[in-house]
Structure formats: C-alpha cells, structure tokens
Amino acid sequence: MRKRSDGSPDPRDIRVAVIDDHVLVRDGLTAALRQDGFDVTYAGVSPRALLAQEAPPDINIVLLDLDLGSEGSATPADVRGMVERGWRVVIVSAMANPDRVRLFLKEDVAAFVPKWEPHEILVYAIVAAAGGADLTSREVAGIMAADDDPQRVPLSEQELRALQLYASGLKMISVARQMNVSVYTAKEY
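The sequence shown begins at 4 in the numbering used here and counts up by one.
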C-alpha cells in the first residue's frame, strides 16, 4: 500500500463499501469519496446482502449506518461478519441510543463517526482505520465513560480519567497536560 508524506495510507489504495438506506446519503458519500481518491467498490442498503455474496468486492473499510430503514437495523453480528472477512468497520450514524452504541463498541469497530461531523473527519477516520488505528470521537468517549455495564472490561483509574477529560471536550494535548503525561500516553489511555 502506498503511503502519503505523513505515513498514512494513500486513499487511492483504500477500497470502501458504503452501506446506508438513504439514497442521497449513499450516493453523496460515494461521489465525495471517489473525488477524494478512494476506490468505492460497493454501495448498498444491506450489510447482510454484502455478507451473503459468495465473491464480495475487494474491501478494506466498510462505512455502516446503524439504522437502515425498511432493511432493518444493522446488528453486532453484521459487524462480526465483516471483521471476520478482514474488513475494518467505521460506523457512520446519528448515534441516537447510547445503549445501542455500546453494543457496537463491544465489537471490533475501527471508528464511530457521527453523521453531523464534517466530511474531513470521516476521511480522517477512513485513512486512520485503513492504517490500523481505532478512533474515538468525544461523543463516543462520553458514552463509553458513562457505561456502567458490570461485564465491561474495567478501565484503570488513569484510563477512565483520560476518557472523561477527552469526552469533556479537551484536546488530547490538554488531556496529557492535565494528567501530567505525554500525549502518546494520553492517547494510549
């Protein structure tokens, strides 16, 4: 895979699937991503239809909406099926229900991008996910910090503090300063 000057993957080498039930959103994302240089190899309304294909298209990243209208909702099993095929999943959703978001966070999603974020954030998430990174928005960090599920893997005191500071709106450099650690360590938390 080619690399950009910052070491991240070149969008021309990233193959993307877009799953959204709104035709305007799906077609708009497809057109915008292609203009950005990404190779959109699939655009559809159903994660199950994609997973059922005997010879699915070549995909690195799946952009998945959670609420798929008449198709029904995406499920954690859909995400597991995608991950088992080696695809990184970026949820692109309005994130209406924190309990539902938590269900998906327990799966191996690479990023969760709220639909109200600018296009540049989605592009950043796709490139980061293709490079192996996982991203957490402030909204998702807040949902994770508020999770009181007893089966959740417990966070250390430092991890929880970093998550709460980040969810409160601080930039990562400010979280690091507040905790008296390096930015790298704050990101790891």
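Just so it is clear, CB atoms sit at the ideal spot from N, CA and C, and this is done for glycine as well.
Small disclaimer: the values here were computed from a predicted structure and weren't measured.
Cβ shell of residue i (< 8 Å), same chain only, five flanking positions each side left out
| i | result |
| --- | --- |
| residue 175 | 169, 186, 189 and 190 |
Under the three-state DSSP convention, the category residue i falls into
| i | result |
| --- | --- |
| residue 3 | The requested residue 3 does not occur in the structure, where the chain is confined to residues 4 to 192. |
| residue 45 | strand |
| residue 12 | strand |
| residue 164 | helix |
| residue 73 | helix |
| residue 17 | coil |
| residue 184 | coil |
Span of the beta strand (DSSP E), counted from its first residue to its last, around residue i
| i | result |
| --- | --- |
| residue 66 | 64-67 |
| residue 114 | 112-117 |
Residue i - containing alpha helix (DSSP H), residue span
| i | result |
| --- | --- |
| residue 1 | Lying before the first or after the last residue shown, residue 1 is absent from the chain, which here runs from 4 to 192. |
| residue 129 | 122-133 |
Option nearest residue i by Cα separation, candidates the options
| i | options | result |
| --- | --- | --- |
| residue 108 | 88, 137 and 65 | 137 |
| residue 75 | 91, 25, 7 and 65 | 25 |
| residue 44 | 50, 33 and 38 | 33 |
| residue 78 | 117, 112 and 182 | 112 |
| residue 40 | 102, 5 and 91 | 5 |
| residue 135 | 49, 80 and 90 | 90 |
| residue 54 | 35, 82 and 37 | 82 |
Cβ of residue i within 7 Å of any chain B Cβ
| i | result |
| --- | --- |
| residue 43 | As a matter of chain content, chain B is missing from the structure shown, which is built from one protein chain. |
Are three or more beta carbon pairs between the stretch 61-74 and the stretch 89-102 nearer than 8 Å?
yes
Inter-stretch contact (C-beta, 8 Å, three-pair minimum) for the stretch 121-130 and the stretch 11-27:
yes
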